[in-house]
Every structure is written in structure tokens, then in C-alpha cells.
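Trainee:
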Amino acid sequence: MAMNKIITSNKNHPLFDKISKLDGFIELDNLTDQSCDLLIDLTATDSDSKRDLFNRFKCPIITDLSLNNGDKILKEFRHIEIAVSTIFPSPNLKAEVFYSLMTYKNELLNLFEKLDLKPVEVKAPGIGFIFGRTIVQIINEAWFALEDDLATEDAIDTAMLFGVNYPRGPLSWGAEAGLKNSVTLLKELHKTTNQDRYKVCDKLQKACL
Amino acid sequence: MELNLVTIIGAGTMGRGIAQWFAQCGVSVELTDANAEALEQGLSLVHKSWKKLEQKGKFSSSEISTFENNLKTVSLNDLSTSSDLVIEAIIENLEIKHKVFSDLDKRMDAKTILASNTSSIPITDLATPLSKQRKERFLGLHFFNPATIMKLVEVIKGNDTDQKLCDDLEAWFSEKGKKPAQCKDSPGFIVNRVARNFYGEALRIAENREFSEIDHVLKEVGGFRMGPFELMDLIGIDINYDVTCSVWEAFQKNERFAPHKIQKEMVDKNHLGRKTGQGFYGHE
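Which chain is which? The protein sequence lines are A and B, in order. Note that the first sequence covers residues 0 to 208 in numbering that gives the first Met the number 0. Note that the second sequence covers residues 0 to 283 in numbering that gives the first Met the number 0.
Here it is as C-alpha cells:
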């Protein structure tokens, strides 16, 4: 018997166009409480909205926790079997994957193939995974530099591309990931650690409005 | 803008790399250093680099001989006073740099542009001993190592620098294949400020994860050529820590730039990276 699988996402996800074409796709806003064998949640949203969803669906879940405290969420929701991070664009088209259980590994591999992504297995999701947490801080600082009128957007991206060989300029990287997503992860880091190093740059915050 | 003669002060890694790049651009270069032995060694290393590039087929032998003719060494007392641009690339010490620039201000023609390759000292502070006219022709030109390969030049405007001079230099560097980025005179300029979190955040993630996993993910997923821990081992953990502390102090100890305790612990243990055989990784 074919597995009843639902794939959901929202427009904040930079890969939304691709995801929305997958079999079994239902946009988050249209998702009603219904039974299924597997929920693949690729929404780009804050942790409270994630918790709502995980409370509504008790089936096994593959979820994107790019913007969330994955370590904490996995402890709260034992039916999450795989956590992934697909929101911050990888120049190598790779994404971090954490397997809590391996039952749906093939489903994950099929999904990644359709999204043109290759998995890189990690030992824990942490907060925003390794790549997201690092890049969001670089993006935030680039916005602080812009706020301080240090240089133009072009000059900031040029400097990082040609001074330290970054694969993308941080400001265009942030735009590609979605500015709202950077803000959501920074707020999660700030809330979790209570450290001001994660305070969102005002100019970045305003740019999301 | 025309730059026919450029003078580079300091024959260390940065100075000789900058001199080599200008010579390759067809500009006459005078390279000088307070230490005659270091100056000769600097020139010899540039010549060796050109030999290698010739062997690799990057340049023809006639191109190399042109480059060699373009690059001359001179003693500090014998600098041509008609140089179009003087770039200082010596030790990061404000007092010593002040002495050098004060002397250059008196000796060089009025048209000569004076520049510093400093990565950490404010340009406006460096300009203090200069005459009013020279302050307008004084700026930061921050190259990246290796200067012949890395395309970025940060063009840093001090409080009194003529904006047109910055624009003209930006255009000149662009024409010669560099990627100039103009910025204000602010701690760390662009790169040393924005790049701080590549290390800073990785160090915080490392509280619960292995260095090798972080490096692996940032290379594989992030597309960075080296991971932060490999890079700190290469640069020198002490040097990276010094830059971190300097930017942090300059930003009134803002938490965004705070050094991590692991950095200090590594420095205290003399685990400085490749140069001591032990850093975040072992280097036998």
C-alpha cells in the first residue's frame, strides 16, 4: 500500500517554488489536521509555529529546523525522526541532516534529489545547525556595517568575495536566504543564549517590514 | 590618474607582495626597508617567485625581465622624492609609522600620495603628524595576502582624505584588475570586521561540537575554502586572537566581537597552530 505522505512549506522558504511542485504538497496555510503516515515539514518559521505543527501531527516527521533550536525541539517531540537545514543557500547545493532514526532515510534522500541537494550528516542540529548559525552572524554583521555607513552594499560584498574568498557576498547571501529567515534565527539564538551578540541589527529588522 | 613610480616601504610579506604586483602592472617600483638584509632577501624572494611563475608558464621570460627592470631596491635615504604613491607596509606600531610618515611628508613632492597598508590602526590617527595639504593626499590602501593573487584592496578614506583621490585610486585599481572596495575609517575596516564571526561563532558552536565537524560542514555546505579552525591554525591562533581583541576593544567591548575563552587557552598553552606544531589540530 502506498504511503500517505504530506509535504508542507510556506513562502518564506527560498526553495518554495520547487517544494510546491512535489507530490503530496499542501501549503502550510491550507494544511488541515488530517492523518498521514509521514509529514515532511519544510516551513521556514519560528519555533512556536513549529511546535503547533508538531502537536497537530503525531505521525513520524522529517522537519527543517534551520531557524530553530533543534536540540531542544527534538527532546520535546520524539516523533521527529529527521531534522534538516535547507534554508540558507549552500553554494555547493548541500544541506545538513541529522538522523534521530533511520527509518525514513530513503524518503529524505528522494526528497533531496528532487530539490537538487546532497546531504551532509551532522551529529546534532544545535541551534540553526552549523552553517546557518555561522552565516547568519556574518550576515547580521554585514548589516551592522551597512547601518554604520561603513561602505556600500556592493563594496561590502566585494570585500568579502575578494579579500577572504567567501563564495557569496554576505548581503546577497542574506537576501537569497530571505531576510525574515535571518531575523527569525537571530531571535532564536538571542532568546536561547540570552547573549546580546545575537541582537538583530535594526536596519536588517526594518528591511523585513 | 597616472601612477608611474610607486614606492613601497617594508620588504616583509605584504610589502614585497605589493611591490611585486605593481611591477607586474608595468609600474616602476622602489622597494625599501630600514633593514638592508631584509631588503635584499625581499627582492630575492620576489625574483624566486617570478622564476617559478615563468616555469609554470604564467609569464614569458621577456615579461619577467620587464618586471625585474620595473622593481628596484633603494635605501630609505635614497628614495626618489618624485614618487606618485608611497605605500607603507611596516610593523603595526603607531609611533614608528608616525616617524616614517612625518619624514616622508617633508621629503616627498607635494603631489605624492601617502598610504598605509595597516590592517588595524585608524587612518586618521596615522595622519596626525602630516601637514594639512598632505592629509588630503593620505589614505589607507589595505591589500590582502598574497597581494599578487588576492584581488581586494580596501581603499580607506581618513577624515581629511580628498574623496576624489579615493575615487581616482578605485578606478585605477579596477583598471589594473583589482577589486577595490571603498570604506570609511572604522575598526577592522570591512573584512576584518565582517569576518570576525566566521571564527567567533564557530568557536561558540565548538562548545558542543568537534572542530573537525564544524570545518567539514562550513566547507561542504557553506562552500568556504577552509574551515575556521584550519584557517586559525594557518594564520596563527595568537594573531587571530590579537585581531579579535583589537576589534573588540575598538568597538567598546561589544559582545558581537568578544573573543572566546578557547582562543586565550590555546595562546596560553602556546598551541598557536601550524607554526608550533599544535593548534586546533596536530601538525607533525
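Glycine included, each C-beta is placed from N, C-alpha and C at the ideal position.
1) Taking a contact to mean a Cβ-Cβ separation below 9 Å, would you say B/D184 touches B/I155 in this structure?
2) Where do the N-terminal and C-terminal ends of the beta strand (DSSP E) with B/V242 fall, by residue?
3) So, is the C-beta of A/Y165 closer than 9 Å to a C-beta in chain B?
4) With DSSP as the reference, label A/G23 as helix, strand or coil.
5) Just to make sure I have the definition right: I need the residues of chain A whose C-beta is within less than 7 Å of the C-beta of B/V220. Which are they?
6) On a CA-only basis, which of B/A10, B/L75, B/E283, B/C24 is nearest B/F172? Give me that one, please.
7) Since A/I86 meets chain B, which of its residues come closer than 7 Å, beta carbon to beta carbon?
8) Would you give the residue range spanned by the alpha helix (DSSP H) that B/Q17 belongs to?
9) Counting contacts by CB-CB distance shorter than 9 Å, is B/M149 in contact with chain A?
10) Could you work out which residue in B/L129, B/L233, B/N116, B/K260 is closest to B/L140 when comparing CA atoms only?
11) Beta-carbon of A/D16 versus every beta-carbon of chain B: anything under 9 Å?
12) Under 6 Å Cβ to Cβ from B/I120, same chain only, skipping five residues before and after it: list those, please.
13) Quick check: is the beta carbon of B/F210 nearer than 9 Å to any beta carbon in chain A?
14) Is B/T31 closer than 9 Å to B/I8 when the C-beta atoms are compared?
15) By how many angstroms is the C-alpha of A/G131 removed from the C-alpha of B/F228?
16) For A/H12, is the classification buried or exposed, using 16 other Cβ atoms within 10 angstroms of its Cβ as the cut-off for buried?
17) Could you check whether the Cβ of B/Q277 sits closer than 9 Å to any Cβ belonging to chain A?
18) B/R224 touches chain C at which residues, Cβ-Cβ below 7 Å?
19) Does any residue of chain A bring its CB to less than 9 Å from the CB of B/G139?
20) Report yes if the C-beta distance between B/L164 and B/R136 is below 9 Å; otherwise report no.
21) If you reduce the DSSP assignment to three classes, tell me which class B/P179 lands in.
22) Using a threshold of 9 Å, state whether the C-beta atoms of A/F53 and A/F76 are closer than that.
23) Against chain A, does B/N92 count as a neighbour if the rule is that its beta carbon must be under 9 Å from one of theirs?
24) Secondary structure at B/T123, three-state DSSP: helix, strand or coil?
25) Are there 16 or more other CB atoms within 10 angstroms of the CB of A/E112, so buried, or fewer, so exposed?
26) Could you say which of A/L178, A/C200, A/E95, A/G125 lies nearest to A/D147 if we only look at CA atoms?
27) Using only the alpha-carbon positions, how far apart do A/D22 and A/I6 sit?
28) DSSP beta-bridge partners for A/N68?
29) Short check: CB of A/V96 to CB of A/I86, under 9 Å?
30) Using a beta-carbon distance below 9 Å, is A/A154 in contact with chain B?
31) Should A/T133 and B/I204 be called a contact, given that it needs their Cβ atoms to be closer than 9 Å?
32) Is it the case that the Cβ atoms of A/K74 and A/N91 are separated by a distance below 9 Å?
33) Give me whichever residues DSSP pairs with A/D63 in a beta bridge.
34) Counting only beta-carbon separations shorter than 9 Å, does A/Q194 have a partner in chain B?
35) Roughly how many whole angstroms lie between the Cα atoms of B/V220 and B/L84?
36) May I have a chain-ordered list of the beta strand (DSSP E) segments no shorter than 3 residues that lie completely inside the stretch 117 to 165 of chain B?
Mentor: The short version:
1) In this structure, B/I155 lies closer than 9 Å to B/D184 by Cβ.
2) Unbroken run through B/V242 is the alpha helix (DSSP H), 236 to 249; no beta strand (DSSP E).
3) Answer yes: the Cβ-Cβ gap between A/Y165 and chain B drops below 9 Å somewhere.
4) Three-state DSSP puts A/G23 in coil, outside helix and strand.
5) Within chain A, the residues near B/V220 are S89, N91, K93, A94, E95, V119, F130.
6) The shortest Cα separation from B/F172 among B/A10, B/L75, B/E283, B/C24 belongs to B/C24.
7) None at all; the shortest Cβ gap to chain B is about 12 Å.
8) As written in the sequence, residue 17 of chain B is Ile, which differs from the Gln given in the question. B/I17 -> alpha helix (DSSP H) spans 12 to 23.
9) Yes - at least one Cβ of chain A is within 9 Å of the one on B/M149.
10) Nearest option by C-alpha distance: B/N116.
11) With 9 Å as the cut-off, A/D16 does not count as an interface residue toward chain B.
12) Around B/I120: L93.
13) Taking Cβ atoms only, chain A never reaches closer than 9 Å to B/F210, which makes this a no.
14) Yes, Cβ-Cβ distance for B/I8 and B/T31 is below 9 Å.
15) Taking the straight line from one Cα to the other gives about 17 Å.
16) By the neighbour-count definition (other C-beta atoms within 10 Å, threshold 16), A/H12 is a buried residue.
17) Put simply, the CB of B/Q277 is far from chain A, with every gap to its CB atoms at 9 Å or more.
18) Absent from the structure: chain C. Protein chains present are A and B.
19) No, its Cβ sits nowhere closer than 9 Å to a Cβ of chain A.
20) For the 9 Å CB-CB criterion, B/L164 and B/R136 form a contact.
21) Correct three-state label for B/P179: strand.
22) The answer is yes: Cβ separation under 9 Å.
23) Closer than 9 Å to the CB of B/N92 there is not a single CB belonging to chain A.
24) The three-state reading of DSSP puts B/T123 in helix, counting H, G and I together.
25) The Cβ neighbour count for A/E112, taken over all protein chains shown within 10 Å, is under 16; the residue is labelled exposed.
26) Comparing alpha-carbon positions, the option among A/L178, A/C200, A/E95, A/G125 lying closest to A/D147 turns out to be A/C200.
27) Distance from the CA atom of A/D22 to the CA atom of A/I6, rounded to whole angstroms, is 8 Å.
28) Answer by DSSP bridge pairing, in chain order: A/I126.
29) For the 9 Å CB-CB criterion, A/V96 and A/I86 do not form a contact.
30) Taking Cβ atoms only, chain B reaches closer than 9 Å to A/A154, which makes this a yes.
31) A contact, by the Cβ cut-off of 9 Å.
32) Taking 9 Å as the Cβ cut-off, A/K74 and A/N91 do not qualify as a contacting pair.
33) DSSP output for A/D63 lists A/V83 as bridge partner(s).
34) A/Q194 counts as touching chain B.
35) Taking the CA atoms as reference points, B/V220 sits about 43 Å from B/L84.
36) Within the stretch 117 to 165 of chain B, the complete beta strand (DSSP E) runs of at least 3 residues are 137 to 142, 151 to 156.
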